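Student: In the working numbering, the protein residues as written are 888 to 969.
The beta-carbon is built from N, C-alpha and C at its ideal position, and this holds for glycine as well.
No experiment lies behind these values; they were computed from the predicted model shown.
Pasting in a structure now, in structure tokens, and then I'll have a few things to ask.
Here is the structure:
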């Protein structure tokens, strides 16, 4: 009986530590998006580098060229779908 109680307490402690750690990581991570270069000419390559996003999180990217904004993209698990 003591062994099963010990196992249950140990399991409860493990689950508690795991849950607190997961929440700390989610709250502490700040989503960041870097765009290089910050401006360019038609035909230039633009690179978006993101970090701190949750897996499967949806992100909206809006490019503005004067009066006409362009919006596209959805983040997948391995990159951006355009």
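Near residue 939, which residues of its chain fall below 6 Å by C-beta distance, leaving aside the five closest residues on each side in sequence?
Tutor: Mapped onto the chain shown, residue 939 falls at position 52. Same-chain partners within the cutoff: 916, 917, 918, 919.
Student: What does residue 941 pair with, by DSSP beta-bridge criteria?
Tutor: Within the chain shown, numbered from 1, the residue matching residue 941 stands at position 54. None; residue 941 has no bridge partner.
Student: Between residue 927 and residue 944, what straight-line distance do the alpha-carbon atoms span, to the nearest angstrom?
Tutor: As a working mapping, residue 927 is identified with position 40 in the chain shown. As a working mapping, residue 944 is identified with position 57 in the chain shown. Spanning the two alpha carbons is a distance of roughly 28 Å.
Student: Helix, strand or coil: how does DSSP classify residue 919 here?
Tutor: The residue you call residue 919 lines up with position 32 of the chain shown. Strand.
Student: By DSSP, does residue 936 sit in helix, in strand, or in coil?
Tutor: The residue labelled residue 936 in the question sits at position 49 within the chain shown. Here residue 936 sits in strand by DSSP.
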